[in-house]
Amino acid sequence: MATPTLYSYEPVKPHQLRLLKFLDYVLDTLRPFIDVLESKGQLLDGRWWWIDSICINQSDVEEKAQQIQHMQRIYSQASRVICWLGKESGDSNIAMEFVKHLDKMSREKYHIDKLRTILQASEYRAKWAALGNLLSRRWWSRIWTVQEFVLPASISFWCGTRSVSRVAMCRSISTADKCPSVGIKATHGFIKANNRRRARGLHKYTTSAGVNVTLTLAALADYFSCMDVTDGRDRLYGLMGLSTDKWLPDVNYLINAEEVCLRFAQAFITHYKSLDIIAFALTQIRPCSSWPSWVPSWRNDKALVVPLMMPSARSKRSIYAMSHANR
């Protein structure tokens, strides 16, 4: 069978639905995307599609745990991934065209002073606002979409009938990062999008031939600790596909989030023969009074703005490769 095209989107949350009713809900959420595919003549073109909420039985915890361990391979080998940001809105077309414009300016390699002079002019104010709205869509805040952004060889972002490549999206975010006075850099949406861009760059570096560096799950979980999850266990499970760690505990949805984090901390201490993981607990939210004070929850309400993100050789420093610079 040909390598499938993968579809990434913001799913519904049908907690107590039977399977058929759940599929009805999923198909309802897919309807706008299916309409766009049909309008582009790509609906019945012979491609196979992989959609996690349909291809994985979400109510079977054993199947879910097994499939999560294949996410790295699934996304890395996909022929392409389509990230559906949602239906067209009042300013989404403006935002998508602005992404292309920023990409073009990035490729033209303007001097930073000239770039800022052009893009910080008042005529661009509405375009910056539109881009901010695009980056505030919920797809950008979900933990599971991080690996969907980072791992695949080819991604396109669709919003309504407009689409842009990941390269264009990354260049536009990088260009926006050079324009501090427009106000977008302080928004949670931009910070989360920029964190993905930087993670993508680091992943490319760590997987380059001849490079021997680590991308630890602890660093990843801390760096993306502000992301949204519906299940606290996914703060670790949702990022395993990006990690280079080989010693991680098995995915297990039969234990609660506290036990998942506890077992991960214990495995970390055993592997590194170090208590350094306790430092992460000091800066993260403690979910409840019974939560062990030394066990990180991998949860923060505030997005990290400029954490240290330098890969290092296999040493203790690599533990903090993507984390706060003041560790």
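Using the working numbering, the first residue of the sequence shown is number 29, and each one after it goes up by one. Glycine included, C-beta positions come from ideal geometry on N, C-alpha and C. These numbers come from a predicted model, not from an experiment.
CA-CA distance, residue i and residue j?
i    : j    : result
T258 : A285 : 11 Å
Y281 : T234 : 29 Å
N85  : R224 : 28 Å
C254 : P315 : 14 Å
G260 : K142 : 45 Å
S200 : K128 : 7 Å
L303 : T311 : 15 Å
S318 : Y300 : 26 Å
A157 : I212 : 8 Å
F177 : I171 : 11 Å
R190 : I79  : 21 Å
D88  : T203 : 43 Å
A237 : L179 : 16 Å
E116 : Y152 : 20 Å
D250 : Q100 : 20 Å
G229 : C289 : 27 Å
K330 : F252 : 10 Å
H386 : A154 : The first residue shown for the chain is 29 and the last is 355, placing residue 386 beyond what the model contains.
C187 : T173 : 16 Å
L45  : L276 : Bear in mind that the predicted position of L45 carries a pLDDT of just 42, short of 50, making it too unreliable to give a figure here.
E90  : I82  : 16 Å
S184 : I122 : 17 Å
Should residue i go down as buried or exposed, given a rule of 16 or more other Cβ atoms within 10 Å for buried?
i    : result
Y279 : It is worth fixing the name first, because residue 279 is Val in this sequence and not Tyr. Buried, by the Cβ-count rule.
L264 : buried
A214 : exposed
I283 : exposed
G118 : exposed
H139 : exposed
G160 : buried
G74  : exposed
N354 : Summary for N354: the model assigns pLDDT 41, below 50, so the residue's position carries little reliability; its value from the coordinates is reported in the next sentence. When all chains shown are included, N354 counts as exposed.
Give me whichever residues DSSP pairs with residue i in a beta bridge.
i    : result
I297 : Paired residues: none, contrary to the question.
C187 : G114 and R190
D256 : R170
Problem set entry | Three-pair Cβ contact test at 8 Å for the region 105-125 versus the region 165-173 | Three or more beta-carbon pairs separated by less than 8 Å link the region 105-125 to the region 165-173, which places the two stretches in contact.
Exercise. Should the region 130-149 be regarded as contacting the region 197-209, the criterion being three or more beta carbon pairs within less than 8 Å?
Worked result: yes
Problem set entry | Given 8 Å, three or more beta-carbon pairs between the region 232-248 and the region 265-274 | yes
Exercise. If we count Cβ pairs, one from each stretch, closer than 8 Å, do we get three or more for the region 189-202 versus the region 132-139?
Worked result: Because the criterion of three Cβ pairs below 8 Å is met, the region 189-202 and the region 132-139 touch.
Exercise. With contact counted as at least three CB pairs below 8 Å, one residue from each stretch, are the region 286-302 and the region 317-332 in contact?
Worked result: yes
For this session: Can you check the region 213-281 for any beta strand (DSSP E) of at least 3 residues that lies completely inside it and give the ranges in chain order?
Result: none
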